[in-house]
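Residue numbers (the working numbering), protein chains in the order written: chain A, 127 to 470; chain B, 127 to 470.
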DNA sequence: TGCCACGATGGAACCGCTTCCACGCATGGT
DNA sequence: ACCATGCGTGGAAGCGGTTCCATCGTGGCA
């Protein structure tokens, strides 16, 4: 049996459909006795408003599309937590578009991101093209970006360059001077640029401390633990072997840890490893890392989107970074000059 | 500017709305010249059908609600991958309802799971009450359960009892006779029963091998790494100390690993640890575990739901289990009797 | 040549809600 | 006593599709 309609409720209560609708939407223009009668009828018929009909009528779907590269980054999941919690709390539904290929992102954006299917868009680590951004604007669909910026769209980001500097400072302070880097391919199909920016900051800080970044210690590979592990194995075979490694994300850092173990190189005694992101796995692998507030970034972005949906003009936000010291970094072995650090 | 409507397309092409609709839906009853003219107009106006209007008209939303305890189980995420991939592939949208509290599950089910908002429901590790199941049935909303069963609903599950037996067999075969257990509280608010069933199978197999399960070696605690770690710390202080531990999920097993490390107990030499699920973290912690196909379970359930939505009658599915040996289990220390195992 | 059947097409009705407009009926001011 | 005022209410229009039914040609057949 199909659910009751508003007309049936109206008839049952002996009122007009308009009155039932007013009761449903909490309009004050309904007398108390009438309201009660309508509510009784609603209960008697076990009536639930058809949200699709409401959406068609109001032009608001109360749904937000979330575009996320679900499968390439574990940090995405933590962001999603913050997103769903906030959005659900604000009465919005979360329509999840998992993206595995870059083309899929375009396709989802093109066919789904239209007025009349969802009210707003949240992109995690992904950015619309200029044309897509223009279309969203034309359709008056607000969009907020996480972990990615765009000249015309508000975003929630971190300062990747500064994060790279922080990692470098930590290692320099510990006395390391020969430091390897493992990061993402810098022209990946999704256009992720975090890794490249972290490397830039990292190398800039090294250079500022008088340590020239050596290309032979820089390894770029596809995002993923296995590839990072393979790259790190090569890195550890370098001569002289670096005393520390900065991996541009925790997933890769864990790959480095694995490679070190496989090569019989003890961490942190013979090799310091520092990652980035502070995903949950960093906790139980004892990884020192540059932490960014993942879940909160999702929550903040969702909050921004909710306000944009309410008509507010919102501006981009920067999330703070923090060094989290665990057990994968230690002072460089004896002989390292200037253990007190090279910077204030 | 709002998007074009079907009426505008019809006018532009000089045809009726019915014809445009037929073109959109691939009806064969449109002559080739007309079809071409309509397609041209669609392109010229950059027209996209309003999916909400279509949903209202057809009664099908092409959206599936996914109810998942997003935050308590990391394995959920891997299941979600399979779910979204399959559902998206079949043309359905995925509406994600993250559940943190048991009441939320009820509430989401009650207010959202109605004809006219989504066509079907997928529940991960959660089950509707009998009343809710009856309501879904009445509303003709198909539902499929993952990792949970229900007398009236199709489900995709594993044999938790057998999984527990497999874990026991592995440890027994290695010669262990004093074996601890760490699992979930068995009357948790969500009603998760996997842990209890795994324990049952585990203890039954021990008993069958003549090893009486000792209550002092059985620790039940809230799901989560930290709690498991605390429980394992106690377990490791037992006298005599067990030579092996079965944790009812990998998250808890990792907690056990941490506790062992903190206590200076080496794994696997002094302590064997076996987990359950084979989540990604099991891979890089070297954890031996009973593997279940997580992502595939999601895909299979989604497949089942898609077929149910097409009107097919679907039946429950059981997923296979497999022992994955890594580096956290080893033969019991010398002196252990009957290393060849107690079972065929 | 006339009729029928059928393919192609236009358009009204309908899906279930919101919203706006019009109306009835007290109330209060003059 | 009369007329604004305004509250409470009923109901039609409209949201943008789909679908069914009626209509219009036109070719095939008697």
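All C-beta atoms, glycine included, are put in the ideal place defined by N, C-alpha and C.
Cβ of residue i within 8 Å of any chain B Cβ
i, result
"residue 177(A)", "yes"
"residue 181(A)", "yes"
"residue 214(A)", "yes"
"residue 219(A)", "yes"
"residue 415(A)", "no"
"residue 299(A)", "no"
"residue 207(A)", "yes"
Three-state secondary structure assigned by DSSP to residue i
i, result
"residue 444(B)", "strand"
"residue 411(A)", "helix"
"residue 372(B)", "strand"
"residue 212(B)", "helix"
"residue 321(A)", "helix"
"residue 345(A)", "strand"
"residue 389(B)", "helix"
"residue 276(B)", "strand"
"residue 286(B)", "helix"
"residue 202(A)", "helix"
"residue 462(A)", "Confidence in residue 462(A) is poor, its pLDDT being 42 and thus under 50, which makes the residue's placement unreliable; the coordinate value appears in the next sentence. Correct three-state label for residue 462(A): coil."
"residue 400(A)", "strand"
"residue 334(B)", "helix"
"residue 194(A)", "strand"
"residue 449(A)", "strand"
"residue 350(B)", "coil"
"residue 223(A)", "strand"
"residue 256(B)", "helix"
"residue 307(B)", "strand"
"residue 382(A)", "helix"
"residue 130(B)", "coil"
"residue 157(B)", "coil"
"residue 144(B)", "helix"
Cross-chain neighbours of residue i in chain B, by beta carbon under 7 Å
i, result
"residue 373(A)", "Those do not exist, as residue 373(A) stays about 13 Å from chain B at its closest Cβ, beyond 7 Å."
"residue 210(A)", "196, 222, 224"
C-alpha gap between residue i and residue j, whole angstroms
i, j, result
"residue 166(A)", "residue 327(B)", "51 Å"
"residue 222(A)", "residue 363(A)", "43 Å"
"residue 400(A)", "residue 184(B)", "55 Å"
"residue 315(B)", "residue 347(B)", "13 Å"
"residue 305(B)", "residue 201(B)", "25 Å"
"residue 450(A)", "residue 441(A)", "29 Å"
"residue 351(A)", "residue 285(A)", "24 Å"
"residue 137(B)", "residue 168(B)", "11 Å"
"residue 252(A)", "residue 155(B)", "42 Å"
"residue 312(B)", "residue 203(B)", "23 Å"
"residue 359(B)", "residue 207(B)", "34 Å"
"residue 173(B)", "residue 212(A)", "33 Å"
"residue 504(B)", "residue 438(B)", "Past the boundaries of the shown model lies residue 504(B); chain B is included only from 127 to 470, so the question cannot be answered."
Chain A contact residues for residue i, given Cβ-Cβ distances below 9 Å
i, result
"residue 351(B)", "406, 409, 410"
Contacts of residue i in chain A (Cβ-Cβ under 7 Å)
i, result
"residue 265(B)", "129"
Nearest to residue i (by Cα), restricted to the options the options
i, options, result
"residue 244(B)", "449(B), 299(B), 422(B), 266(B)", "266(B)"
"residue 247(A)", "443(A), 432(A), 457(A), 200(A)", "432(A)"
"residue 219(B)", "191(A), 289(A), 161(A)", "191(A)"
"residue 419(B)", "295(B), 289(B), 150(B), 438(B)", "289(B)"
"residue 275(A)", "264(A), 354(A), 255(A)", "255(A)"
"residue 271(A)", "452(A), 435(A), 427(A)", "427(A)"
"residue 369(B)", "398(B), 357(B), 388(B)", "398(B)"
"residue 395(A)", "162(A), 408(A), 178(A), 302(A)", "302(A)"
"residue 257(A)", "281(A), 232(A), 280(A)", "232(A)"
Proximal chain B residues relative to residue i, where beta-carbon distance stays under 8 Å
i, result
"residue 287(A)", "Result: empty, since nearest Cβ-Cβ is about 29 Å, beyond 8 Å."
"residue 380(A)", "410"
"residue 187(A)", "178"
Contact set between residue i and chain A, taken where Cβ atoms lie within less than 8 Å
i, result
"residue 203(B)", "203"
Neighbour flag for residue i against chain A, beta carbons, 8 Å
i, result
"residue 243(B)", "yes"
"residue 384(B)", "yes"
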